[in-house]
Amino acid sequence: MTGPLKHQVLLPLALFALSLSLYLGTIAPTITWQHDGYDAGDLITAAYTLGIPHPTGYPTYMLLGKLMTLLPVGDVAYRMNLLSALSGALAVCLLYLAARATLPHQREAVWASLVAALWLATSRIFWSQALITEVYALNALLFAMLLLLCLQLNQQTGDARHDTMAHPAVLRTAALTAWVYGLSLGNHLTIAFSAPLLLWHGWQVYRRRLLNARKWAVVAAALGLGLAVYAYLPLRAGREPLLNWGDPRTLRGLVWTISGGIYRPFVMALPLAQWPARLLAWAGLLIEQFGVVGTTLGLLGIWAHTRRNAGQAGIFLLTFALYSLYAAGYNTTDSYVYLLPVYILFALWIAHGTVFVLHSLEQTRAVVVALAAALLFLPVATLRANWPAVDLHDDRSAYDYGAEVFAQVPDGAIVISATDPHTFTLWYFARVVANRPWVAVVDRDLLLYEWYVEGLQKRHPWLRWPSTSPGTTPSVEQVVEANRQDHALFLADIDEPLMAHYTFEPQGLLYRLQSKQPLSP
């Protein structure tokens, strides 16, 4: 087998097999709360029923997730976890190919790209997101795909300067990149921070006049075709699915859902006084992913990449900075998951730094071989260090919670929840595992939204609803008062205001309503 074929096909396939084996050996066997996977129940239930999950609706993820739920293996949650494992393993392959595309054709470049890809595969945050139901592993895959497509477009643009036969390839790659970008936005809006990559490489095509207006229209149409995935939201909302966040049949609901209306207050909301600590935490996380040696190689790689191709390195750094600032400024404790594209770029720079070090020692071949072997050992050491922290192969705590709750509540019961882990897990059990429509899971905070109350009324017509003024929704106290005589009521979480007016006693994992507190004299 020729060298290029081995490097472009066999090594990426081997990386995929190794990474996927690692992820399958540590993947969660069912729904899990670990690694900040609290949204799993919402995403799994929405994909299984083709509904609308929490904003931004994630239509691309929903459609791919629905396909995964059809697999005849494990439970539905495990099948959705598999989507993340496959996405993570594929992203590792594409990172290897992207690193090779930015490095000179040298033996050291192949080895360095291999080491960098393995380092990414075994880094703690990347690995952890490949084991659970969440959108971030797929987001990493789509970012890696866009990165590689941009690099291919760059190469084809250079070839087209001397060979007119390369022009059709430029059009095909540009259109494919635009289509993937549109689909990527349908998975997670933070992919918008990769726009500098696309615009810079698109500019190289434009300034060389490689595409005329008609061909640019084809590229624009490809982008529109990718964005058409958002039609899923109003189309499915019109069928009144079990989950219908925001009810995006209306323009107002669609904009609220796509723009992440419920989460906008967190965007760049970190108080100024907390920025130094958050940036230090960002640096600490970077070192945690790649170690001191890997971080040093990555920083050296930024310098080496800038020397080799200043324009490309600069646009990579801009993309790196945009993702980093967004993750740092997003005022939640789990915003680190937005850093996966940052780690992909840094792994690419680790490859550049490794090539620089190995190439500097080219005259002493024995030293180069020894150093190369030592560098390959470092991802293995990272794997051994991170395995205990990320391994979920026997984690069933979230499943056991849902199973125990549904074993104790009778039909006609109302379970009031106030936290995402409990609400979403109980949704999953009510609608996917146990299929018990005669148990109503009511999220206390979502009662503020008319679309949520309307959905509850349609799904559970047996519930009693208090009269409210137009444009207002009932409070949780009003819901309890309207139903306490006819239905068993439970709390999944302590609710002090409710417990001040009603007597609740512990029952299993829940608190069951016993009576109303007498009025004080």
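One point on numbering: in the numbering used here, the residue at position 279 of the sequence shown is 264, and numbering is uninterrupted. Ideal placement from N, C-alpha and C gives every residue a C-beta, glycine not left out. No experiment lies behind these values; they were computed from the predicted model shown.
_In whole angstroms, give me the CA-to-CA distance for residue 165 and residue 128._
Counted from its first residue, the sequence shown places residue 165 at position 180. Counted from its first residue, the sequence shown places residue 128 at position 143. Cα to Cα, the separation comes out at about 9 Å.
*Would you report the Cα separation of residue 205 and residue 279, rounded to the nearest angstrom?*
Residue numbering aside, residue 205 sits at position 220 when the sequence shown is read from its first letter. Residue numbering aside, residue 279 sits at position 294 when the sequence shown is read from its first letter. So the alpha carbons of these two residues sit roughly 39 Å apart.
*asked:* Using the three-state DSSP reduction, which class does residue 364 fall into: helix, strand or coil?
replied: Along the sequence shown, read from residue 1 onward, the residue named residue 364 stands at position 379. DSSP places residue 364 in helix when its eight states are reduced to three.
_Can you confirm whether the segment 59 to 67 touches the segment 310 to 322 when touching is taken to mean that 3 or more C-beta pairs between the two stretches lie within less than 8 Å?_
no
*Compare the Cα-Cα distances from residue 472 to each of 459, 498, 345 and report the closest residue.*
For the purposes of this step, residue 472 is identified with residue 487 of the sequence shown, where counting begins at 1. Among 459, 498, 345, the Cα nearest to that of residue 472 is on 498.
*Which residues DSSP lists as bridging residue 402, in chain order*: Indexing the sequence shown from 1 puts residue 402 at position 417. Partner(s): 428.
*Counting only runs of 3+ residues fully inside the segment 412 to 460, write out the beta strand (DSSP E) ranges in chain order.*
425 to 428
*Quick one: grab the DSSP three-state call for residue 108.*
Here residue 108 refers to the residue found at position 123 when the sequence shown is read from its first residue. The answer is coil: DSSP assigns residue 108 none of H, G, I, E or B.
*According to DSSP, what are the bridge partners of residue 492?*
Here residue 492 refers to the residue found at position 507 of the sequence shown. Paired residues: 495.
_Enclosing beta strand (DSSP E) for residue 475 [first to last residue]_ = Translated into the one-based positions of the sequence shown, residue 475 becomes position 490. Residue 475 -> beta strand (DSSP E) spans 474 to 476.
_Inter-residue Cα distance where the pair is residue 42 and residue 385_ = Translated into the one-based positions of the sequence shown, residue 42 becomes position 57. Translated into the one-based positions of the sequence shown, residue 385 becomes position 400. Those two C-alpha atoms are separated by around 28 Å.
*asked:* So, for residue 182: in the same chain, excluding its five sequence neighbours on each side, which residues have a beta-carbon less than 8 Å away from its beta-carbon?
replied: For this step, residue 182 is matched to residue 197 along the sequence shown. Excluding positions up to five away in sequence, the list reads 131, 132, 135, 300, 301, 304.
*State the CB to CB distance for the pair residue 420 and residue 107, rounded to an integer number of angstroms; the pair is presumed to be in contact (CB under 8 Å).*
For the purposes of this step, residue 420 is taken as the residue at position 435 of the sequence shown. For the purposes of this step, residue 107 is taken as the residue at position 122 of the sequence shown. Not quite, the Cβ-Cβ distance comes to about 39 Å (not below 8 Å), so this is no contact.
*asked:* By alpha-carbon positions, which one of 332, 152, 196, 173 ends up nearest to residue 121?
replied: As a working note, residue 121 is residue 136 in the sequence shown. It is 173 whose Cα lies nearest to the Cα of residue 121.
*What does residue 501 pair with, by DSSP beta-bridge criteria?*
For this step, residue 501 is matched to residue 516 along the sequence shown. The partner list for residue 501 (beta bridge, DSSP) reads 487.
_Cross-strand partners of residue 37 (DSSP beta bridge)_ = Counting from 1 along the sequence shown, the entry for residue 37 is found at position 52. 229, per the DSSP bridge assignment.
*Decide if residue -2 is buried, meaning its Cβ has at least 16 other Cβ atoms within 10 Å, or exposed.*
On the sequence shown, position 13 is the one that residue -2 refers to. The residue in question, residue -2, is exposed, as its Cβ has fewer than 16 Cβ neighbours within 10 Å.
*How is residue 217 classed by DSSP in three states: helix, strand or coil?*
Locating residue 217 in the sequence shown gives position 232, counting from the first residue. In this structure, residue 217 counts as helix in the three-state DSSP scheme.
*asked:* Counting C-beta neighbours from all protein chains within 10 Å, is the total for residue 264 16 or more, i.e. buried, or is it exposed?
replied: The residue given as residue 264 occupies position 279 in the sequence shown. The residue in question, residue 264, is exposed, as its Cβ has fewer than 16 Cβ neighbours within 10 Å.
*asked:* With distance defined between alpha-carbon atoms, name the residue in 177, 30, 247 nearest to residue 408.
replied: Position 423 of the sequence shown, counted from the start, is the residue given in the question as residue 408. Ranking the options by Cα distance to residue 408, first place goes to 30.
*Work out the CA separation of residue 97 and residue 198 for me, nearest whole Å.*
On the sequence shown, position 213 is the one that residue 198 refers to. On the sequence shown, position 112 is the one that residue 97 refers to. Approximately 41 Å, taken between the alpha carbons.
*If you pair each beta-carbon of the segment 289 to 298 with each one of the segment 233 to 253, do three or more pairs fall below 8 Å?*
no
*Between the segment 422 to 439 and the segment 357 to 366, do at least 3 Cβ pairs fall closer than 8 Å?*
no
*residue 8 and residue 94 closer than 9 Å at C-beta*: If you number the sequence shown from 1, residue 8 lands on position 23. If you number the sequence shown from 1, residue 94 lands on position 109. Not a contact, by the Cβ cut-off of 9 Å.
*For the alpha helix (DSSP H) that residue 382 lies in, which residues bound it at each end?*
To locate residue 382, count along the sequence shown from 1; it is residue 397. Segment 382 to 393, the alpha helix (DSSP H) holding residue 382.
_One question on the structure: do residue 141 and residue 86 come within less than 9 Å of each other, judged by their Cβ atoms?_
The sequence position of residue 141 within the sequence shown is 156, counting from 1. The sequence position of residue 86 within the sequence shown is 101, counting from 1. In this structure, residue 86 does not lie closer than 9 Å to residue 141 by Cβ.
*Sequence ranges, alpha helix (DSSP H) only - wholly within the segment 52 to 129, length at least 4*: 61 to 87, 92 to 107, 109 to 114
_Nearest-angstrom Cβ-Cβ length linking residue 427 and residue 464, presumed shorter than 8 Å_ = Looking up residue 427 in the sequence shown gives position 442. Looking up residue 464 in the sequence shown gives position 479. The Cβ separation is near 7 Å, so the contact holds.
*Give a yes or no on whether the C-beta atoms belonging to residue 329 and residue 286 are separated by under 9 Å.*
If you number the sequence shown from 1, residue 329 lands on position 344. If you number the sequence shown from 1, residue 286 lands on position 301. No, Cβ-Cβ distance for residue 329 and residue 286 is not below 9 Å.
*Determine the burial state of residue 90: buried for a count of at least 16 other Cβ atoms within 10 Å of its Cβ, exposed for fewer.*
Here the question's residue 90 lines up with position 105 in the sequence shown. Per the 10 Å Cβ criterion, exposed.
*For residue 124, count neighbouring C-beta atoms within 10 Å of its own C-beta (all shown protein chains included) and say buried if the count is 16 or more, exposed if not.*
Along the sequence shown, read from residue 1 onward, the residue named residue 124 stands at position 139. Result: buried.
*Could you give the residue range of the alpha helix (DSSP H) that holds residue 156?*
Reading the sequence shown from its first residue, position 171 is the one you call residue 156. Here the alpha helix (DSSP H) through residue 156 covers 152 to 170.
_Close Cβ partners of residue 84 (< 6 Å) along its chain, the five nearest in sequence each way excluded_ = Start at 1 with the first residue of the sequence shown, and residue 84 comes out as number 99. Contacts found: 98, 101, 333, 336.
*Would you kindly check if the distance between the Cβ of residue 70 and the Cβ of residue 25 is under 9 Å?*
The residue given as residue 25 occupies position 40 in the sequence shown. The residue given as residue 70 occupies position 85 in the sequence shown. Taking 9 Å as the Cβ cut-off, residue 25 and residue 70 do not qualify as a contacting pair.
*So residue 404 and residue 383 are in contact, right, with Cβ under 8 Å, and what is the actual spacing, rounded?*
In the sequence shown, the residue the question calls residue 404 occupies position 419. In the sequence shown, the residue the question calls residue 383 occupies position 398. Wrong, their Cβ atoms sit about 12 Å apart, outside the cutoff.
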